[in-house]
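Below you'll find the structure, written out as structure tokens, and then a few comments.
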Amino acid sequence: MRASLLQIAVNEGESVESRRRRVAALVRDQAGADLVVLPELWTTGAFAYEAFGSEAEPLDGPTYEAMAQAASDAAVWLHAGSIPERDPEGPLYNTSLVFSPSGDLVATYRKIHRFGFDKGEAVLMGAGDQLVTVRLPGTTLGVATCYDLRFPELFRGLVDAGAGTFVVPAGWPERRRSHWTLLAQARAVENQSFVLACGTAGTHAGVPQAGHSIVVDPWGEVLAEAGAAEEVLRVEFDPAKVATTREQFPALKDRMLGLAPPRR
């Protein structure tokens with residue numbers, strides 16, 4: 001499988017509409033890939049909290065239209081990162097969009113774990129409550145977003161739902177970049193799955209971004225890693241390695257579920 005992770009720079013001075021057009025062109029440039037992945041909240045910037053309300057859009061808004069057309073033009077599966085979604089009957093959500101090579105919207109995922117510790121995203125956006133998987137030829141994607149990476153139980157749930165490849169768009173800050181790499185490898189090793197984690201570059205709302213998008217195999221080996229600046233990270237991987245790894249080292253079969261609480 002050929003994947004392209006588009007590590008988009010989100011900087012002040014570029015309008016959302018200009019960035020949307022630029023990213024759509026980058027997606028079209030990936031014709032020949034099987035899967036293209038964009039970062040979290042690349043239209044606004046994950047830390048640009050003050051812009052969430054003004055830039056929020058419905059699921060069928062301008063980003064949906066641009067990405068659906070770009071996926072169709074390039075004939076790729078496209079995880080279009082996430083947008084600030086405005087639900088007409090509820091709060092804002094941090095929502096991911098996944099498109100088929102024909103440009104159809106095949107899945108959406110509302111981020112379950114909101115970052116901010118009672119401020120920012122944690123209070124401005126609602127929490128999702130459903131795990132999401134997407135079946136592709138050769139693998140099943142498990143969808144997560146940024147801060148979700150710190151919660152292993154979510155990924156175990158995705159494995160139980162059949163996922164063999166995790167796709168994690170993010171707006172991860174540079175000051176915790178070491179956690180980004182560590183957690184991506186941990187989620188790959190403990191679930192014997194591929195991890196494709198796509199971050200943003202640049203600085204938004206005064207927060208420098210980590211970049212360093214990364215692809216990790218089921219043994220925890222890093223197959224490809226970006227630098228800090230805007231970059232297209234291209235990688236080829238074999239989804240069949242998931243089954244092979246789980247057969248060679250069947251740790252998932254040794255899980256002990258339903259354990260009793262400690263005695264007091």
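Here the sequence shown stands for residues 1 to 264, numbered as in this note's numbering. Quick reminder that beta carbons are idealized off the backbone N, C-alpha and C, glycines included. Note that the structure is a prediction, hence the values are computed from the model and not measured.
Notebook entry, point to check: Is the beta carbon of His-212 within less than 7 Å of some heavy atom of the ligand PLP?
Noted result: Looking for the ligand PLP in the displayed structure turns up nothing, as the structure carries no ligands at all.
Checklist line | Closest residue to Leu-154 among Glu-89, Ala-188, Ser-4, Gly-13 (Cα-Cα distance) | finding: Nearest to Leu-154 by alpha-carbon distance, out of Glu-89, Ala-188, Ser-4, Gly-13, is Ala-188.
Note to self: Applying the 10 Å Cβ sphere with the 16-neighbour rule, what's the burial state of Gln-185?
What the structure shows: Around the beta carbon of Gln-185, 16 or more other beta carbons sit within 10 angstroms, so the residue counts as buried.
Note to self: Tell me the DSSP secondary structure of Met-1 in three-state form.
What the structure shows: Met-1 falls in the coil class under three-state DSSP.
Checklist line | Trp-180 - containing alpha helix (DSSP H), residue span | finding: Per DSSP, Trp-180 belongs to the alpha helix (DSSP H) from 177 to 191.
Note to self: Am I right that Leu-78 and Glu-85 are in contact with their C-beta atoms under 8 Å? What's the rounded C-beta distance?
What the structure shows: The C-beta separation of Leu-78 from Glu-85 comes to about 17 Å, leaving the pair out of contact by the 8 Å criterion.
Next item on the list: Would you tell me roughly how many angstroms separate the C-alpha atoms of Asn-94 and Leu-41, rounded to the nearest one?
Entry: If you draw a straight line from the Cα of Asn-94 to the Cα of Leu-41, it is about 8 Å long.
Checklist line | CB contact flag (His-212, Ala-228, <8 Å) | finding: Annotated as proximal: His-212 and Ala-228, with beta-carbon spacing under 8 Å.
Next item on the list: Would you mind listing the alpha helix (DSSP H) stretches within the region 213 to 261 that are 4+ residues and don't spill past its ends, in chain order?
Entry: Taking only runs of at least 4 residues, the alpha helix (DSSP H) segments lying wholly in the region 213 to 261 are 240 to 248.
Check: Alpha carbon to alpha carbon, what distance is there between Gly-138 and Lys-241?
Finding: Straight-line Cα distance between these residues: approximately 11 Å.
Item checked: Option in Glu-12, Asp-129, Val-235 with minimal Cα separation from Leu-35 -> Taking only the C-alpha atoms, the option nearest Leu-35 is Val-235.
Check: My guess is that Val-134 and Ala-74 are in contact by the Cβ rule of under 8 Å, so how many angstroms apart are they, rounded?
Finding: With 8 Å as the limit, Val-134 and Ala-74 do not qualify as a contact, their Cβ atoms being about 17 Å apart.
Next item on the list: Output yes or no for whether 8 Å exceeds the beta carbon distance between Leu-182 and Gln-7.
Entry: Contact: no.
Notebook entry, point to check: Does the beta-carbon of Thr-43 have 16 or more other beta-carbons within 10 angstroms, so that it is buried, or is it exposed?
Noted result: With 16 or more Cβ atoms within 10 Å of its Cβ, Thr-43 is classed as buried.
Next item on the list: Write down the C-beta distance between Ala-122 and Arg-114 rounded to the nearest angstrom, noting that I regard them as a contact closer than 8 Å.
Entry: Between Ala-122 and Arg-114 the beta-carbon gap is near 4 Å, inside 8 Å, which marks them as a contact.
Note to self: Assuming contact is defined by CB atoms lying nearer than 8 Å, are Val-10 and Gly-202 in contact in what I supplied?
What the structure shows: It is a contact, given that the beta carbons lie within the stated cut-off.
Check: Based on the DSSP secondary-structure assignment, which residues constitute the bridge partners of Pro-208?
Finding: Per the DSSP secondary-structure output, Pro-208 pairs in a beta bridge with Thr-203.
Check: Per DSSP, which one or two residues make a beta bridge with Thr-43?
Finding: Residue pairing by DSSP places Thr-43 opposite no residue, since no beta bridge is assigned to it.
Checklist line | DSSP state of Cys-69 mapped onto helix, strand, coil | finding: The residue you asked about is not Cys; residue 69 is Gln in the sequence shown. In this structure, Gln-69 counts as helix in the three-state DSSP scheme.
Item checked: Start and end residues, beta strand (DSSP E) containing Ala-197 -> Unbroken beta strand (DSSP E) run through Ala-197: 194 to 198.
Note to self: Buried or exposed for Gln-192, going by 16 or more other Cβ atoms inside 10 Å?
What the structure shows: Flag for Gln-192 reads buried.
Item checked: Delimiting residues of the alpha helix (DSSP H) encompassing Leu-35 -> Per DSSP, Leu-35 belongs to no alpha helix (DSSP H); it is in the beta strand (DSSP E), 35 to 37.
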